[in-house]
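Comments concern the structure below.
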Amino acid sequence: MSKYYLNYLDELESEAIYILREVWAQFENPVILFSGGKDSILVTHLAKKAFYPAKIPFPLMHVDTGHNFPETIQFRDDIIKDLGVQLIVGSVQESIDDGRVAEEKGKNATRNALQITTLLDAIESNKIDCAIGGGRRDEEKARAKERFFSHRDDFGQWDPKNQRPELWNIFNGKHFEGEHFRAFPISNWTEMDVWNYIKRENIAIPSLYFAHEREVVWRQDTWIPNSEFLVLEDHEEVVVKKIRFRTLGDITITGGDESDADTLEKIATEVAGMRNTERGNRSDDKRSESAMEDRKRQGYF
Amino acid sequence: MLDNNQLLRFTTAGSVDDGKSTLIGRLLYDSKSIFEDQLEAITNTSKKKGHEGVDLALFTDGLKDEREQGITIDVAYRYFTTPKRKFIIADTPGHIQYTRNMVTGASTANAAIILVDARHGVIEQTKRHSFIASLLQIPHIIVCINKMDLVDYAEDAYNKVINQFEEFSSKLLVQDIRFIPISALNGDNVVNRSETMSWYQGAPLLHTLETMHISSDINKVDARFPVQTVIRPQSETHRDYRGYAGRVASGIFRVGDEVTVMPSGFTSKIKTIDTLDKTLDQAYAPMSISMTLEDDIDISRGDMIVRSNNKPESAQDIEVMLCWLNNSPAKPRAKYSIRHTSNEQKAMIKEVVYKINVDSLDRNTEDKDLKMNDISKVKIRTTKPLMIDSYRENRTTGSIILVDDTTNETVAAGMIV
Numbered sequence: 067m068s069k070y071y072l073n074y075l076d077e078l079e080s081e082a083i084y085i086l087r088e089v090w091a092q093f094e095n096p097v098i099l100f101s102g103g104k105d106s107i108l109v110t111h112l113a114k115k116a117f118y119p120a121k122i123p124f125p126l127m128h129v130d131t132g133h134n135f136p137e138t139i140q141f142r143d144d145i146i147k148d149l150g151v152q153l154i155v156g157s158v159q160e161s162i163d164d165g166r167v168a169e170e171k172g173k174n175a176t177r178n179a180l181q182i183t184t185l186l187d188a189i190e191s192n193k194i195d196c197a198i199g200g201g202r203r204d205e206e207k208a209r210a211k212e213r214f215f216s217h218r219d220d221f222g223q224w225d226p227k228n229q230r231p232e233l234w235n236i237f238n239g240k241h242f243e244g245e246h247f248r249a250f251p252i253s254n255w256t257e258m259d260v261w262n263y264i265k266r267e268n269i270a271i272p273s274l275y276f277a278h279e280r281e282v283v284w285r286q287d288t289w290i291p292n293s294e295f296l297v298l299e300d301h302e303e304v305v306v307k308k309i310r311f312r313t314l315g316d317i318t319i320t321g322g323d324e325s326d327a328d329t330l331e332k333i334a335t336e337v338a339g340m341r342n343t344e345r346g347n348r349s350d351d352k353r354s355e356s357a358m359e360d361r362k363r364q365g366y367f
Numbered sequence: 008m009l010d011n012n013q014l015l016r017f018t019t020a021g022s023v024d025d026g027k028s029t030l031i032g033r034l035l036y037d038s039k040s041i042f043e044d045q046l047e048a049i050t051n052t053s054k055k056k057g058h059e060g061v062d063l064a065l066f067t068d069g070l071k072d073e074r075e076q077g078i079t080i081d082v083a084y085r086y087f088t089t090p091k092r093k094f095i096i097a098d099t100p101g102h103i104q105y106t107r108n109m110v111t112g113a114s115t116a117n118a119a120i121i122l123v124d125a126r127h128g129v130i131e132q133t134k135r136h137s138f139i140a141s142l143l144q145i146p147h148i149i150v151c152i153n154k155m156d157l158v159d160y161a162e163d164a165y166n167k168v169i170n171q172f173e174e175f176s177s178k179l180l181v182q183d184i185r186f187i188p189i190s191a192l193n194g195d196n197v198v199n200r201s202e203t204m205s206w207y208q209g210a211p212l213l214h215t216l217e218t219m220h221i222s223s224d225i226n227k228v229d230a231r232f233p234v235q236t237v238i239r240p241q242s243e244t245h246r247d248y249r250g251y252a253g254r255v256a257s258g259i260f261r262v263g264d265e266v267t268v269m270p271s272g273f274t275s276k277i278k279t280i281d282t283l284d285k286t287l288d289q290a291y292a293p294m295s296i297s298m299t300l301e302d303d304i305d306i307s308r309g310d311m312i313v314r315s316n317n318k319p320e321s322a323q324d325i326e327v328m329l330c331w332l333n334n335s336p337a338k339p340r341a342k343y344s345i346r347h348t349s350n351e352q353k354a355m356i357k358e359v360v361y362k363i364n365v366d367s368l369d370r371n372t373e374d375k376d377l378k379m380n381d382i383s384k385v386k387i388r389t390t391k392p393l394m395i396d397s398y399r400e401n402r403t404t405g406s407i408i409l410v411d412d413t414t415n416e417t418v419a420a421g422m423i424v
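One line per chain: the protein sequences are A and B, in this order. Numbers given in the working numbering equal positions in the first sequence, counted from 1, plus 66. Numbers given in the working numbering equal positions in the second sequence, counted from 1, plus 7.
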């Protein structure tokens, strides 16, 4: 007798495809927010499935802080070529040059918060009415309350206390001119689900996720990669370690873990045994207990 | 995890006092789903607040306002995985002013956990939560009789609650109710079997969640395929391809099946069922697929493909159990957009038949207002027919929402009677 139920990965996949098709049906001008990280790569992979045999019918958008891992940019350009879709780039450097934002000062300065302005500017100038993101509810406590279809007012802001109820699989993307939505097709996936699925589907991801030798500096309890942007303190020393990155953000703030996991198989096993959350190495989240909620309210991813 | 592991969604409703947050914290903690940095954060907060030991309830705090007020306001989603299943918890507040949040959390759940304080037995809140679970047709209800440590783990206290519960639940429509005596605080019968309640022969909560049969929760009989969008690649390799994309709402579709497109009524046969990975012989709920038909028919979003020998009702006058979700009450005879699967039409609430008191289950035929959190039976007229099933038979083709076109907000959710 054949079974008539889906396993958990197939069900998550089907749900994400359903959301992506709803976005396409309900919005005029959606984009996928593409960072080059595994979650946005996964969303892109699912979009390929959702519209097969057609191409993904909307562009990918990258908010470029200028503080990238070179590997991420190469990966982005390869995937764009492979999919044959348009790439929109919002540049934080341009926002700085135009005086829209000011660079943070100090040793732990990052461009993380500056992305919000660039993102909202890019959404406005490209008349985007829905930005599809790879946010997951298990990542962070503020994200646990995020909707699949998440409304943003005409200032791009999120009002967590006044969200539209979402029942069953009926999604309401109606909006007024100037407002936009964020859509999160992989809301219900956990980090482990993502890795199990990447492994199952054999999805290509940047080499940074695999263990490799790299120049790093020990800072804030993690290995920060050496780069042209890093300002060394007197007591700090650049060493070579075999590390891999569990998440990818700016090269200035993304810490790596020492690891020997150099295959998807080994990564999945390693993640299953992890005892810390994946954003634990992201200094952007360590700033305060509500760091993520505060940024999200302003329009962060 | 094994390849055939399923996903189970369950909802918990409760207020600060009945130990709901502690129960969820306990499930996550004992199933080792809590990371060390999370544990460290709540250990620090527990100390700051002067709690003895780690307050597991702190795991479920979400937004800043909620942390400040110490209550759950919105639906929060939590995740954990065991070697047998993946779980999604829709954690909802339990007070009457959050009925709409409970309804939201219940809408997609396979199971509901209803917490009863062993000292107080069945109270208004228990009845409210059970009613909502039954109204939303959650297939499995698990009544957890909590705080057994405060009644000396006595079997009598447990039996008393079961009797009280069964007395009123005979009025509800629930297929599967189970009772488990627990102490969330001490961990009895949550993940591990209680050593102090040897009189209880059943399984602990987690084992129950891991093993309950959920494959039959989805309707496998009535084949329904709401079309979300039409895929037309117009590429060299797929010049004439015209695929109807959607998620199978219920039932099974096979290549060669004779199908009818509603509302037009045209018939055809299924030519192919496509996914990126492979073409399939059959598709069943809740698979997302793209379907092509033998004949060239005009089909678009909002249409429904069904098997010709089993059709839903096509109706413009529908009776609905409606939960009002919005701060602004319903305006008499106002028009709303109605959304049903991928279909959207205009609708008017013609009549409020009665309002239900969610605590006593009494019907009030005098009060015709529809205010936030009210659950009422109403008659709705739509501008064009919807292809409906009753909610009891089909949670996907039996549900609707109303959208206020002046604010674009989702103002009501309804279950077709």
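Glycine included, each C-beta is placed from N, C-alpha and C at the ideal position.
Report yes or no: do the region 226-244 of chain B and the region 95-114 of chain A share at least 3 C-beta pairs separated by less than 8 Å?
Segment contact: the region 226-244 of chain B against the region 95-114 of chain A, fewer than three CB-CB distances shorter than 8 Å; contact not assigned.
Nearest-angstrom Cα distance between tyrosine 71(A) and proline 123(A)?
Stepping through the first sequence from its first residue, residue 71(A) is reached at position 5. Stepping through the first sequence from its first residue, residue 123(A) is reached at position 57. About 30 Å.
Chain B residues whose Cβ lies nearer than 9 Å to that of proline 119(A):
Counted from its first residue, the first sequence places residue 119(A) at position 53. Near proline 119(A) (Cβ distances below 9 Å), the residues of chain B are Ile238, Pro240, Ser242, Thr244, His245, Tyr248, Gly250, Asp281, Leu283 and Ser297.
For a contact defined as C-beta to C-beta under 7 Å, what are the partners of serine 397(B) on chain A?
As a first step, residue 397(B) must be located in the second sequence, where it is residue number 390. None at all; the shortest Cβ gap to chain A is about 15 Å.
My parser needs the alpha helix (DSSP H) runs of 4 or more residues fully inside the region 106-154 of chain B; what are they?
106-113 and 131-142
For the region 239-248 of chain B against the region 262-277 of chain B, are there 3 or more C-beta pairs whose distance is under 8 Å?
Cβ pair count under 8 Å is below three, so no.
8 Å contact criterion, which aspartate 396(B) and threonine 404(B) should meet: CB distance rounded
Start at 1 with the first residue of the second sequence, and residue 396(B) comes out as number 389. Start at 1 with the first residue of the second sequence, and residue 404(B) comes out as number 397. So it is a contact: roughly 4 Å between Cβ atoms.
At the 9 Å Cβ level, is glutamate 256(A) part of the contact set with chain B, yes or no?
Taking the first residue of the first sequence as 1, we reach residue 256(A) at position 190. Glutamate is not the amino acid found at residue 256(A); the sequence shown has threonine there. It does; some Cβ of chain B falls within 9 Å.
To be precise: take each residue of the region 38-53 of chain B, compare its Cβ to all Cβ atoms of chain A, and keep it if any distance is under 7 Å. Which residues remain?
Per Cβ criterion, the list reads Phe42, Glu43, Asp44 and Gln45.
If contacts are defined as beta-carbon pairs under 8 Å, then leucine 108(A) and isoleucine 252(A) qualify, I think. What distance do you get, rounded to the angstrom?
Stepping through the first sequence from its first residue, residue 108(A) is reached at position 42. Stepping through the first sequence from its first residue, residue 252(A) is reached at position 186. Indeed, because the Cβ distance is near 6 Å, the residues count as touching under 8 Å.
As assigned by DSSP and simplified to three states, the class of tryptophan 331(B)
Against the second sequence, residue 331(B) aligns to sequence position 324. Under the three-state reduction of DSSP, tryptophan 331(B) is assigned to strand.
Just the C-alpha distance for methionine 67(A) and leucine 393(B), rounded to the nearest angstrom, thanks.
Counting from one through the first sequence, the residue named residue 67(A) turns up at place 1. Counting from one through the second sequence, the residue named residue 393(B) turns up at place 386. In this predicted model, methionine 67(A) has a pLDDT of only 39, less than 50, meaning its place in the structure is not dependable; the value taken from the coordinates is given anyway. If you take the alpha carbons of methionine 67(A) and leucine 393(B), they lie about 35 Å apart.
Bridge partners - methionine 269(B), DSSP secondary structure assignment:
On the second sequence, position 262 is the one that residue 269(B) refers to. Answer is Met311(B), bridged to methionine 269(B).
Can you list the residues of chain B that asparagine 342(A) reaches, using a CB-CB cut of under 8 Å?
Here residue 342(A) corresponds to residue number 276 of the first sequence, with the count starting at 1. The contact set of asparagine 342(A) on chain B, defined by CB atoms closer than 8 Å, consists of Phe42, Glu43 and Asp44 in chain order.
Which whole-angstrom value describes the C-beta separation of isoleucine 154(A) and valine 97(A), a residue pair presumed to lie in contact below a C-beta threshold of 8 Å?
The residue given as residue 154(A) occupies position 88 in the first sequence. The residue given as residue 97(A) occupies position 31 in the first sequence. The pair is a contact, with the Cβ atoms about 6 Å apart (cut-off 8 Å).
Among Val313(B), Arg308(B), Ile96(B) and Ser38(B), which residue has its Cα nearest to the Cα of arginine 203(A)?
Reading the first sequence from its first residue, position 137 is the one you call residue 203(A). Proximity to arginine 203(A) across Val313(B), Arg308(B), Ile96(B) and Ser38(B) peaks at Ile96(B), based on C-alpha coordinates.
Residues of its chain near leucine 14(B), where Cβ-Cβ distance is below 6 Å and the 5 sequence neighbours each way are ignored
Start at 1 with the first residue of the second sequence, and residue 14(B) comes out as number 7. Excluding residues within five positions, the ones whose Cβ falls inside 6 Å are Lys93.
Threshold first: 3 residues or longer. Then list the beta strand (DSSP E) segments lying entirely within the region 254-305 of chain A, N to C.
278-285 and 288-291
Stretch pair the region 167-177 of chain B + the region 206-213 of chain B: three plus CB contacts closer than 8 Å
The answer is no - the region 206-213 of chain B does not touch the region 167-177 of chain B, with fewer than three Cβ pairs under 8 Å.
Taking the alpha-carbon positions, what's the isoleucine 189(A) to serine 176(B) distance?
Locating residue 189(A) in the first sequence gives position 123, counting from the first residue. Locating residue 176(B) in the second sequence gives position 169, counting from the first residue. Spanning the two alpha carbons is a distance of roughly 52 Å.
Over what stretch of residues does the beta strand (DSSP E) that includes phenylalanine 215(A) continue unbroken?
The residue given as residue 215(A) occupies position 149 in the first sequence. It spans 215-218 - the beta strand (DSSP E) in which phenylalanine 215(A) sits, taken as one unbroken run.
Is there a Cβ of chain B sitting closer than 9 Å to that of arginine 361(A), yes or no?
On the first sequence, position 295 is the one that residue 361(A) refers to. Chain B, which has no Cβ nearer than 9 Å to the Cβ of arginine 361(A), makes this no.
Under 9 Å between C-beta atoms of valine 262(B) and isoleucine 238(B)
Here residue 262(B) is taken as the residue at index 255 of the second sequence, counted from 1. Here residue 238(B) is taken as the residue at index 231 of the second sequence, counted from 1. At a Cβ-Cβ threshold of 9 Å, valine 262(B) and isoleucine 238(B) do not count as neighbours.
Against isoleucine 83(A), what residues of chain B qualify as contacts under a CB-to-CB distance less than 7 Å, listed in chain order?
Translated into positions along the first sequence, residue 83(A) becomes position 17. Ser295, listed in chain order.
By how many angstroms is the C-alpha of glutamine 286(A) removed from the C-alpha of glutamine 364(A)?
What you label residue 364(A) is simply residue 298 of the first sequence in a count that begins at 1. What you label residue 286(A) is simply residue 220 of the first sequence in a count that begins at 1. For the pair glutamine 364(A) and glutamine 286(A), the Cα-to-Cα distance works out to about 26 Å.
Can glutamine 241(B) and alanine 208(A) be called in contact, C-beta distance under 9 Å?
Counting from one through the second sequence, the residue named residue 241(B) turns up at place 234. Counting from one through the first sequence, the residue named residue 208(A) turns up at place 142. Not closer than 9 Å, so no.
What's the gap between the Cα of aspartate 144(A) and the Cα of serine 273(A)?
Numbered from 1 along the first sequence, position 78 holds the residue referred to as residue 144(A). Numbered from 1 along the first sequence, position 207 holds the residue referred to as residue 273(A). Rounded to whole angstroms, aspartate 144(A) to serine 273(A) spans 13 Å at the Cα level.
Could you tell me whether the Cβ atoms of alanine 118(B) and isoleucine 221(B) are closer together than 9 Å?
To locate residue 118(B), count along the second sequence from 1; it is residue 111. To locate residue 221(B), count along the second sequence from 1; it is residue 214. Result yes, Cβ atoms of alanine 118(B) and isoleucine 221(B) sit closer than 9 Å.
Can you say whether lysine 193(A) is buried or exposed, counting buried as having 16 or more other CB atoms within 10 angstroms of its CB?
Indexing the first sequence from 1 puts residue 193(A) at position 127. With fewer than 16 Cβ atoms within 10 Å of its Cβ, lysine 193(A) is classed as exposed.
What number of angstroms, rounded off, separates the C-alpha of leucine 233(A) from the C-alpha of tryptophan 224(A)?
Position 167 of the first sequence, counted from the start, is the residue given in the question as residue 233(A). Position 158 of the first sequence, counted from the start, is the residue given in the question as residue 224(A). Spanning the two alpha carbons is a distance of roughly 20 Å.
Tell me which same chain residues have a C-beta within less than 8 Å of the C-beta of phenylalanine 93(A), skipping the five on either side of it?
The residue given as residue 93(A) occupies position 27 in the first sequence. If we look at phenylalanine 93(A) and ignore the five residues flanking it on each side, its Cβ neighbours are Asp195, Cys196, Gly239 and Phe247.
State the Cα-Cα distance for the pair threonine 282(B) and serine 297(B), rounded to the nearest angstrom.
The sequence position of residue 282(B) within the second sequence is 275, counting from 1. The sequence position of residue 297(B) within the second sequence is 290, counting from 1. Cα-Cα distance, rounded: 7 Å.
Local conformation of glutamine 208(B) per DSSP, three classes
Mapped onto the second sequence, residue 208(B) falls at position 201. Of the three classes helix, strand and coil, the one that applies to glutamine 208(B) here is coil, per DSSP.
Counting only Cβ pairs nearer than 7 Å, list the residues of chain B close to histidine 241(A).
Start at 1 with the first residue of the first sequence, and residue 241(A) comes out as number 175. Correct list: Asn415.
Does phenylalanine 242(A) pass the burial test, meaning 16 or more other C-beta atoms within 10 Å, or should it be called exposed?
Indexing the first sequence from 1 puts residue 242(A) at position 176. When all chains shown are included, phenylalanine 242(A) counts as exposed.
Straight-line Cα distance separating arginine 399(B) from leucine 287(B):
On the second sequence, residue 287(B) is found 280 positions in, with the first residue counted as 1. On the second sequence, residue 399(B) is found 392 positions in, with the first residue counted as 1. In a straight line, the C-alpha of leucine 287(B) is about 30 Å away from that of arginine 399(B).
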